Structures are given as C-alpha cells and as structure tokens.
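Below: one structure, written as structure tokens.
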Amino acid sequence: QKPITVLEILQKIRLHVSVPQCDVFGYFSIESELIILIIPVDQNPKPLQIEACNKEAEKIESLINSDSPALASHVPLSALIAAQVEVSFKMSSSRSQVILANYLVFWNLVLIFLAIKCNT
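In terms of the working numbering, the sequence shown has 289 at position 55, counting the first letter as 1, and numbering is strictly consecutive.
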C-alpha cells in the first residue's frame, strides 16, 4: 500500500464539484488538518460565481459528514470523516456593493477536514 497524498484527495474531490467556474486547491496544515479551497477560477469573479463555489463547498461538506457512499467509494476520500465549511467572503443578493480583495477571494472558502484518519 502506498500513502495517500493531498493531490490524490484534491483530484477526487474535484470530481464532485459540478460548477465549472470553481476549482479545488488545498494543503495539509501544521495542525494536521487538510485545508481545501473551492474557489472561482476567474481573477475577478462575480458574486454569483462566489456564491456557487460556496454552495459547492457546502455540498462537499455534507457528503463527507454524512459518510456518503459517493465519496467513500474513492479510496483517498474514504479517510475523510468530518468537515466544516468556513466562508470568509459571502455575497448577499440584496447587496449591490462588491468588496474586491484578492486575499478574500483566495480564501473564499476553506473546508477544514478535522480528524482525518487513514486506514492502515
């Protein structure tokens, strides 16, 4: 058996993101958490694109937390046992004002996968 890599997990998560304007990026933090970003691919995304990526992250969170067979069927994803979505930039449909800050867009959403256990 070979170790599971962050890249393998990201590639499998990407298969479950259905909005083409969103992409998946991630890294393993020093706190031993897998941080996954689902963010718009456009440099200056529209509020609707940001909201769509937020919804995609919430969908992935739900799949992980419900132990969905759709995710469990992928070996790297079967190790994920809990997820929490943190939205640092969210647009309200009633607001016409858009705050454009690259770091806010980059950190649009962070899925923190807590308590990752790898089957050995």
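For glycine and all other residues, C-beta sits at the position ideal for the given N, C-alpha and C.
Please read these numbers as outputs of a predicted model, since none were measured by experiment.
Based on Cα-Cα distance, which residue from the options lies nearest to residue i?
i, options, result
"I273", "I264, L244, S296 and T239", "L244"
"N278", "Q255, L297 and K289", "Q255"
"N299", "L249, V258, Y261 and A313", "A313"
"S266", "V321, V240 and L249", "V240"
"A316", "I269, E242, Q283 and I238", "I269"
"E320", "Q235, S302, C287 and L305", "C287"
"C258", "A291, Q318, L305 and S296", "According to the sequence as given, residue 258 is Val; it is not Cys. It is A291 whose Cα lies nearest to the Cα of V258."
"S302", "Q235, I247, K236 and P237", "I247"
"V275", "I264, S263 and V253", "V253"
"Q318", "L282, L297, Y261 and H308", "L297"
"V251", "P237, I238 and I294", "I294"
Under 7 Å, Cβ to Cβ, is there at least one residue of chain D near residue i?
i, result
"Q245", "Absent here is chain D; the protein component of the structure consists of one chain."
If you draw a straight line from the alpha carbon of residue i to that of residue j, how long is it in whole angstroms?
i, j, result
"P310", "E242", "7 Å"
"Y261", "A304", "23 Å"
"H308", "P237", "14 Å"
"K289", "A306", "21 Å"
"I346", "L249", "In this predicted model, I346 has a pLDDT of only 41, less than 50, meaning its place in the structure is not dependable enough to derive any value."
"K280", "I264", "32 Å"
Starting from residue i and walking both ways along the beta strand (DSSP E), at which residues does that stretch end?
i, result
"I273", "L268 to P274"
Just mark residue i as buried or exposed, buried being the case when its beta carbon has 16 or more other beta carbons within 10 Å.
i, result
"Q235", "exposed"
"L282", "exposed"
"I284", "buried"
Along the chain, where does the alpha helix (DSSP H) containing residue i start, and where does it finish?
i, result
"Q245", "V240 to R248"
"Q283", "P281 to N299"
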